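In terms of our numbering, the sequence shown is residues 18 to 1131.
Step one of this worksheet: look at the structure below.
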Amino acid sequence: MTLMTPPPLDQQEDDEMLVPHNDLVDGPQPMEVAPAETASAVDAQSVDDPPSARFTWTIDSFSRLNSKKLYSDIFVVGGYKWRILIFPKGNNVDHLSMYLDVADSATLPYGWSRYAQFSLSVVNQIHQKYSIRKDTQHQFNARESDWGFTSFMPLGELYDPGRGYLVNDTCIVEADVAVRRVIDYWSHDSKKETGYVGLKNQGATCYMNSLLQTLYHIPYFRKAVYHMPTTENDMPSGSIPLALQSLFYKLQYSDTSVATKELTKSFGWDTYDSFMQHDVQELNRVLCEKLEDKMKGTVVEGTIQQLFEGHHMNYIECINVDYKSTRKESFYDLQLDVKGCRDVYASFDKYVEVERLEGDNKYHAEQHGLQDARKGVLFIDFPPVLQLQLKRFEYDFMRDTMVKINDRYEFPLQLDLDREDGKYLSPEADRSVRNLYMLHSVLVHSGGVHGGHYYAYIRPTLADQWFKFDDERVTKEDVKRALEEQYGGEEELPQTNPGFNNSPFKFTKYSNAYMLVYIRESDKEKIICNVDEKDIAEHLRIRLKKEQEEKEQKRKEKAEAHLYTIIKVARNEDLLEQIGKDIYFDLVDHDKVRSFRIQKQMPFNLFKEEVAKEYGIPVQFQRFWLWAKRQNHTYRPNRPLTPQEEAQSVGQLREVSNKANNAELKLFLEVEFGQDLRPIPPPEKTKEDILLFFKLYDPSKEELRFVGRLFVKGIGKPVEILTKLNKMAGFSSDQEIELYEEIKFEPNVMCEHIDKKLTFRASQLEDGDIICFQKCPQVGSGAQHRYPDVPSFLEYVHNRQVVRFRSLEKPKEDEFCLELSKLHNYDDVVERVAHHLGFDDPSKIRLTSHNCYSQQPKPQPIKYRGVDHLSDMLVHYNQTSDILYYEVLDIPLPELQGLKTLKVAFHHANKDEVVIHTIRLPKQSTVGDVINDLKTKVELSHPSAELRLLEVFYHKIYKIFPHNEKIENINDQYWTLRAEEIPEEEKNLVPNDRLIHVYHFMKDPAQNQVQNFGEPFFLVIHEGETLAEVKVRIQKKLQVPDEEFAKWKFAFLSLGRPEYLQDSDIVSSRFQRRDVYGAWEQYLGLEHSDNAPKRSFAANQNRHTFEKPVKIYN
């Protein structure tokens, strides 16, 4: 899967997006897609060195060009014809627009495509170094036969004679083109070519596919997964072990690519999750943690640790006194710096680099006070399987965004971590273990920071042959492709056609390694072990073999489908069975009738013999009718087959009947029965004869059923068949009945009364029409029916909707169902819900619609009478749901809508407790009114205490609300509103006192980022006050025991970067700038572990994060 991404941030500001040129004078510009980072999934499917060339185009009298667009001469690269297309005055923009165009696209055969890397340049004829060049890559095809830059360079710069782009009114344009030959993706048989199969992409899951292939190709890991206990009663979609076993089994024994849906379902991921690109390292950790947990208490307990766990030692060693502090930590993978490192060894050197703690940054050693010290990390042991995460994505503080680092970074085939006398090892490391590693897999990311494509190069047995696993496709690759081409950096292509200037033809490589897996040579035999069928539980083998057989049968049927026709035969019995139960409109659901799979060349008369065997109806008594879709979207029997048609083959007949050209032939089998209920030959059918179908409606039972069919004469009248209809219905022969024609039901029901005295022809009745009839309502009988006649009943059926109601407090559980009508208005719906719940006042019922994509209630409830009909409540974009959420209010909804409801968390001044209060006030109220209302509900530390209202989000204080702020626009859904007493010391600030933010934090070593937690607070700091003095006040305020408090560290943080403070530091000196935008980003940080129990009211603080963290829910 390839995602389009924005331009890389390290490109110049004006690097406009490249697009296929759209020569539209009016209307919007074509969608802008990515520049050089549009890494297509094709980029490494090329073979051999690409043919490349440079074409130079000199354009005279440039400023006097009158045409909107201009093509260059044709030039040939890689056997293909190309040309440059320019818009001298811009393609509806104030920039020069320039594209590379496939010159002969109009005459190329259907389905053509070609892939090229190319750059376009405008040469600066005064200073060549100021030439403007932009490069990209593209898969050209009939839809996108040109590709390039709509905003190549500003016209103002181009036409400025002093700039050097136009000299003597001449412009020089260059194209460097490298054509890569692409192997046909679809005809490639991975199993046949390589012995391995790929994984299907669910959409944005290629990052997961590359990781799963890597783990699968660690045989020891695969064996352990097979040995996890599962049973035949487990379902793969609900069991991670079984889903992974199933996936690995299919990868091992299947001939075609394997789907991952069962596995992601077992993670508890919905489809929305699957379409979000997660962090591959995050997924790796979460998956391994989950498996580690599931392996506990089984024969394979500890496998994850045995394979992937290593240990390092963090140490701080004083220089002038004999004091050393050490801490042992485990790791499952290592994060290595790419920026500033030329290769893996340089990253390891940086990892163990010694940091000196001196000057302002001295270390506080127990009993020795502040000391100069050395701080660092050394490795106690490395795991048998070493996973290295390369930090290709980093946060750029200057640009305040994530950037991808495409720098060249080398990694060896053989990695020696004992080098230079074990410089990476701690004193306690076991030196008898030889830490020599062989490269097993290279996981690659192609694209930019906001998306792209992932794939993996793996050598499963550590032999010389490498394989590329790219979603469904596996190919053999050489070591150069797996190693050197994934180092990143720039690619220089050889010049075959030197033109105006001879500068090298370079491209930034957006495909590069981001994760490496090494296997220790001494553990090779243990890890690259043999895994065969005896390692797989018998129930798994049986289950998966059955799946494979079913799949093979389906495949075979699909492969032979062109030889067969499916004939679906509807009979009277089907109509009797279905009408009034499964269907009400038309005559039959063709998916539920008997279907025959018949060879196309079989004569239709032979097929009739099959039918005779199936139903016991001799051939001479069978008459088949073709169905036809009418203009009003109904589907009815249209005409009987002619003797000539019955003499044809089944295949020829299907083509006659079916304009849509699908593989099915739908027929109605007409069989007539005599007095003795034995079949008789069908009556002759003339143009005067009309075949009608009859349904009977009973208003007292609200029941519609099929009662039979009749041939009538076009000149006949309904009045002549009333006796027959009464007999069909079981009525007395003189029963008065009303007749209606069922005409259509989409988009609206059309059912019209039939005049019994008019002829059938005059009533426009024809073959296949449906007449519904019922007893005439008796005048004065007093019987009241909800739907007294056929039209009202069909209207009801068409609009009825069973709605599943859920309490808003339990949004995952259906509580009750009600049958309603889509035409019900707001009041009808709440009345029915109130009645079901036993409430007198429907206005206290509030409803909320369902979001079909997130499978959650929508954030905003439905306003009182805010929608016209039930159908409006159930619709979400283009989808319709059958779920509504309800809640019972304590006051009527119209009254509540005039009020603003806020949930406020009150923090008691002296007690460690938080109480949530619901404040309900008129919308025009102010924060001051909220505080006054709150004072009547909370316990204050003293009667004259003053309160304030704060906005807290992700454990930071973002705002103190002024008392006069209107509450109507305050949003308590995304952030927490906190009320607290204003401490006395804050009321009496002297001029140089500062009120600072204080937050708890810990450093996430994996992300190298700060994570805030706990309750943030304000603190007054006085001029000249040292950290030691501030610490005393913080400890007293938070009531932290001495032993725990001694472990805490204190830092000044600005924009997420901690500067650690010493006890002697003057705290106020760090908080000098008064009017910083976003004061919450400068704070005193308290670094310690998060031991507090999670409070429920903070649950909504992690809603609406920028990217959902990977969660595996099972």
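C-beta atoms are modelled at their ideal positions from N, C-alpha and C, and glycine is treated no differently.
Just so you know, these numbers come straight off a predicted model, no measurement behind them.
- Message: So, with DSSP's three-state summary, where would you put Ile583?
- Response: As a position in the sequence shown, residue 583 is number 566, starting the count at 1. If DSSP states are grouped into helix, strand and coil, Ile583 belongs with the strands.
- Item | CB of Leu919 within 8 Å of CB of Leu825, strictly | On the sequence shown, position 902 is the one that residue 919 refers to. On the sequence shown, position 808 is the one that residue 825 refers to. Result no, Cβ atoms of Leu919 and Leu825 do not sit closer than 8 Å.
- Query: To which residues of the same chain is Ile984 closer than 8 Å at the C-beta, ignoring the five residues directly before and after it?
  - Reply: To locate residue 984, count along the sequence shown from 1; it is residue 967. Correct list, in chain order: Lys917, Leu919, Leu938, Lys940, Ser942, Thr943, Val944, Asp946 and Val947.
- Query: Lys917 lies in the beta strand (DSSP E); which residues open and close that run?
  - Reply: Translated into the one-based positions of the sequence shown, residue 917 becomes position 900. First-last of the beta strand (DSSP E) with Lys917: Leu916 to His924.
- Message: Which of the three DSSP states is assigned to Gln697 in this structure?
- Response: What you label residue 697 is simply residue 680 of the sequence shown in a count that begins at 1. The question names Gln, but residue 697 in the sequence shown is Ile. Ile697 falls in the strand class under three-state DSSP.
- Query: Who are the Cβ neighbours of Ser780 in its own chain at under 6 Å, not counting the five residues just before and after it?
  - Reply: Taking the sequence shown and counting its residues from 1, the one referred to as residue 780 is at position 763. Excluding positions up to five away in sequence, the list reads Ile771.
- Task: Would you mind working out which of Gln142, Ile101 and Phe157 sits nearest Gly128, comparing C-alpha positions?
- Result: For this step, residue 128 is matched to residue 111 along the sequence shown. If we check each option's Cα against that of Gly128, Phe157 comes out closest.
- Query: Based on the DSSP output, what are the partners of Gly1102 in its beta bridges?
  - Reply: Your numbering for residue 1102 matches position 1085 in the sequence shown. Partner(s): Tyr1016 and Ala1068.
- Report yes or no: do three or more beta-carbon pairs, one from the stretch 560 to 572 and one from the stretch 689 to 698, lie closer than 8 Å? no
- Contact under 8 Å by Cβ, Leu353 with Leu407: The sequence position of residue 353 within the sequence shown is 336, counting from 1. The sequence position of residue 407 within the sequence shown is 390, counting from 1. Contact flag set, yes.
- Message: Given this structure, state the Cα-to-Cα distance separating Lys1149 from Leu460, to the nearest angstrom.
- Response: Only positions 18 to 1131 of the chain appear in the structure, and residue 1149 is not among them; the question remains open.
- Item | Close Cβ partners of Leu756 (< 7 Å) along its chain, the five nearest in sequence each way excluded | Position 739 of the sequence shown, counted from the first residue, corresponds to residue 756. Pro735, Ile771, Lys773, Ile788 and Phe790.
- Query: Quick one, which of Lys827, Ile879, Gln872 and His886 has its alpha-carbon nearest Leu840's?
  - Reply: For the purposes of this step, residue 840 is taken as the residue at position 823 of the sequence shown. Nearest C-alpha to Leu840: His886.
- Specify, as a first and last residue, the run of the beta strand (DSSP E) that Pro171 falls within. On the sequence shown, residue 171 is found 154 positions in, with the first residue counted as 1. Its beta strand (DSSP E) spans residues Asp163 to Pro171.
- Query: Arg537: which of Lys704, Leu403 and Glu489 sits nearest, CA to CA?
  - Reply: Numbered from 1 along the sequence shown, position 520 holds the residue referred to as residue 537. When only C-alpha atoms are compared, the closest one is Leu403.
- Query: Can you give the Cα-Cα distance for Lys349 and Leu300, rounded to whole angstroms?
  - Reply: Residue mapping note: residue 349 aligns to position 332 of the sequence shown, counting from 1. Residue mapping note: residue 300 aligns to position 283 of the sequence shown, counting from 1. Reading off the sequence, residue 349 comes out as Tyr, not Lys. Answer to the nearest angstrom: the Cα atoms are 13 Å apart.
- Query: Going by beta carbon distance, what residues of the same chain come within less than 6 Å of Phe365, once the five residues before and after it are set aside?
  - Reply: Translated into positions along the sequence shown, residue 365 becomes position 348. For Phe365, where only same-chain residues beyond five positions count, the Cβ hits under 6 Å are Tyr441.
- Put Gln565 into one of helix, strand or coil per three-state DSSP. The count along the sequence shown starts at 1 and reaches residue 565 at position 548. Note: Gln565 maps to helix in three-state DSSP.
- Following the continuous alpha helix (DSSP H) through Thr740, name the residue where it begins and the one where it ends. Position 723 of the sequence shown, counted from the start, is the residue given in the question as residue 740. Start and end: Leu739 to Ala746.
- Message: Could you tell me the alpha carbon to alpha carbon distance between Ser463 and Glu662, rounded to whole angstroms?
- Response: The residue you call residue 463 lines up with position 446 of the sequence shown. The residue you call residue 662 lines up with position 645 of the sequence shown. Cα-Cα distance, rounded: 59 Å.
- Item | Enclosing alpha helix (DSSP H) for His853 [first to last residue] | For the purposes of this step, residue 853 is identified with residue 836 of the sequence shown, where counting begins at 1. It spans Tyr843 to Leu854 - the alpha helix (DSSP H) in which His853 sits, taken as one unbroken run.
- Item | Asp360 in three-state terms, based on DSSP | As a position in the sequence shown, residue 360 is number 343, starting the count at 1. Reduced to three states, the DSSP call for Asp360 is strand.
- Message: So, with DSSP's three-state summary, where would you put Glu346?
- Response: Reading the sequence shown from its first residue, position 329 is the one you call residue 346. Strand, per DSSP.
- Task: Please work out which residues of its chain come closer than 6 Å, Cβ to Cβ, to Arg863, disregarding the five sequence neighbours upstream and downstream, and give them in chain order.
- Result: Along the sequence shown, read from residue 1 onward, the residue named residue 863 stands at position 846. Cβ within range, chain order: Pro878, Glu904, Leu906 and Leu910.
- Query: Does DSSP classify Val50 as helix, strand or coil?
  - Reply: For the purposes of this step, residue 50 is identified with residue 33 of the sequence shown, where counting begins at 1. Residue placement at Val50 is flagged as unreliable, the pLDDT there being 30, under the threshold of 50; the coordinate-derived value follows with that caveat. In the structure shown, Val50 sits in a strand (DSSP, three-state: E or B).
- Could you tell me which of Pro1075, Ile1083, Lys356 and Ser148 sits nearest to Gly1041, measuring between CA atoms? The count along the sequence shown starts at 1 and reaches residue 1041 at position 1024. Here the closest residue by C-alpha is Ile1083.
- Message: Suppose the cutoff is 7 Å on Cβ atoms and the five residues either side in sequence are ignored; what does the same chain contact list for Lys311 look like?
- Response: Residue mapping note: residue 311 aligns to position 294 of the sequence shown, counting from 1. Met245, Ile257 and Pro258, listed in sequence order.
- Query: Looking only at DSSP bridge pairs, what is Val139 linked to?
  - Reply: The count along the sequence shown starts at 1 and reaches residue 139 at position 122. According to DSSP, which records beta bridges pairwise, Val139 is partnered with Ile149 and Val190.
- Query: According to DSSP, is Glu574 helix, strand or coil?
  - Reply: As a first step, residue 574 is located in the sequence shown; it is residue number 557 there, counting from the start. The answer is helix: DSSP assigns Glu574 an H, G or I state.
- At which residues does the alpha helix (DSSP H) containing Phe822 begin and terminate? Indexing the sequence shown from 1 puts residue 822 at position 805. Looking at the DSSP string, Phe822 is not in any alpha helix (DSSP H); the run it does join, the beta strand (DSSP E), is Arg817 to Ser824.
- Proximity test, Cβ basis, 8 Å: Gln431 and chain C: Looking at the structure shown, chain C is missing, and only one protein chain is on hand.
- Query: When the Cα atoms are used, what is the spatial distance from Gln46 to Phe325?
  - Reply: Here residue 46 refers to the residue found at position 29 of the sequence shown. Here residue 325 refers to the residue found at position 308 of the sequence shown. Only weak support is given to the placement of Gln46: the predicted model assigns it a pLDDT of 30, under 50, and the value that follows is read from those uncertain coordinates. Their Cα atoms are separated by approximately 51 Å.
- According to DSSP, is Met330 helix, strand or coil? Here residue 330 corresponds to residue number 313 of the sequence shown, with the count starting at 1. Strand.
- Message: Below 8 Å on the Cβ atoms is my contact criterion, and I expect Leu684 with Phe641 to pass it. Report the Cβ-Cβ distance as a whole number of Å.
- Response: For the purposes of this step, residue 684 is taken as the residue at position 667 of the sequence shown. For the purposes of this step, residue 641 is taken as the residue at position 624 of the sequence shown. Rounded, the Cβ-Cβ distance is 5 Å, consistent with contact.
- Item | Paired residues, beta bridge with Glu372 - DSSP | On the sequence shown, residue 372 is found 355 positions in, with the first residue counted as 1. Partner(s): Lys392.
- What whole-angstrom Cβ distance do Leu117 and Val194 have, given they're in contact under 8 Å? Within the sequence shown, the letter at position 100 stands for residue 117. Within the sequence shown, the letter at position 177 stands for residue 194. Confirmed, about 7 Å.
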